[in-house]
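First comes the structure, then the notes that go with it.
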Amino acid sequence: MAAKILIVTGDAAESLEVLYPYQRLQEEGYEVHIAAPSRKRLRFVVHDFEEGFDTYTEKPGYTWPADLAFSEVDPGQYVALVVPGGRAPEYLRNDPELRKVLKAFFDSDKPVAQICHGPLLTASVDALRGRRVTAYPALEPDMQTAGATFRDTDAVVDGALVSSRAWPDHPSWMREFLTILRDKTPAA
Numbered sequence: 003m004a005a006k007i008l009i010v011t012g013d014a015a016e017s018l019e020v021l022y023p024y025q026r027l028q029e030e031g032y033e034v035h036i037a038a039p040s041r042k043r044l045r046f047v048v049h050d051f052e053e054g055f056d057t058y059t060e061k062p063g064y065t066w067p068a069d070l071a072f073s074e075v076d077p078g079q080y081v082a083l084v085v086p087g088g089r090a091p092e093y094l095r096n097d098p099e100l101r102k103v104l105k106a107f108f109d110s111d112k113p114v115a116q117i118c119h120g121p122l123l124t125a126s127v128d129a130l131r132g133r134r135v136t137a138y139p140a141l142e143p144d145m146q147t148a149g150a151t152f153r154d155t156d157a158v159v160d161g162a163l164v165s166s167r168a169w170p171d172h173p174s175w176m177r178e179f180l181t182i183l184r185d186k187t188p189a190a
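So the sequence shown is numbered by this note's numbering: it starts at 3 and just counts up by one.
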């Protein structure tokens with residue numbers, strides 16, 4: 003039986019930051035579930051970098067079904083957690099059911115991969131204090147406020163936590179995360 007990995011997300015998550023790890027981790031042999039505030043078809047977005055814009059732009063992305071609601075998640079069934087970015091973390095960090103799930107993963111020292119705005123979620127459960135992280139560069143002050151040391155690089159590993167800036171850094175992010183997973187919790 004394949005080990006299970008959980009992705010926590012919602013509407014307005016960055017399409018690539020959900021679907022790339024979803025498919026890559028399945029390719030590696032893991033069973034991957036997506037959890038959201040409720041079981042529904044989620045609407046993702048595409049963030050892109052365009053000349054002349056001071057920040058990223060946002061366009062409609064893919065839709066994808068959530069396998070389960072945050073309230074249905076049993077963290078004990080999962081060996082690792084993925085926290086994508088996009089705009090979803092801005093509102094998801096207020097969800098008490100999700101905060102319970104996040105806390106359980108960190109309390110158990112299970113591998114966690116976070117990217118882009120995803121660290122807003124882990125900061126909401128005080129899981130970044132004393133750690134080294136990266137995130138979307140505009141979040142540097144938020145990461146410092148959360149007690150983390152910010153590094154502006156493609157991937158940062160701190161124990162079982164792997165963080166990354168945004169989807170252009172996927173190769174480094176998943177390479178580091180898979181190194182930890184293969185060591186701590188192989189797929190089968």
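Each residue gets a CB set at the ideal place from its N, CA and C atoms; glycine is no exception.
Asked, Found
"Pairwise C-alpha distance: A71 and R184", "28 angstroms"
"Expected contact under 8 angstroms - CB spacing of A68 and L44 to nearest Å", "6 angstroms"
"Rounded separation between K112 and D171 - CA only", "22 angstroms"
"Residue from I36, A15 and Q116 with nearest C-alpha to S166", "Q116"
"Sequence-distant residues of its chain with Cβ nearer than 6 angstroms to G63 (five each side left out)", "S17, F46, V47 and V48"
"7 angstroms Cβ cutoff met for A90 and G31", "no"
"H119 to T181 span [Cα, whole Å]", "23 angstroms"
"G63, DSSP secondary structure in three states", "strand"
"3-residue-minimum beta strand (DSSP E) runs that sit fully inside the segment 133-180, ordered along the chain", "157-160 and 163-166"
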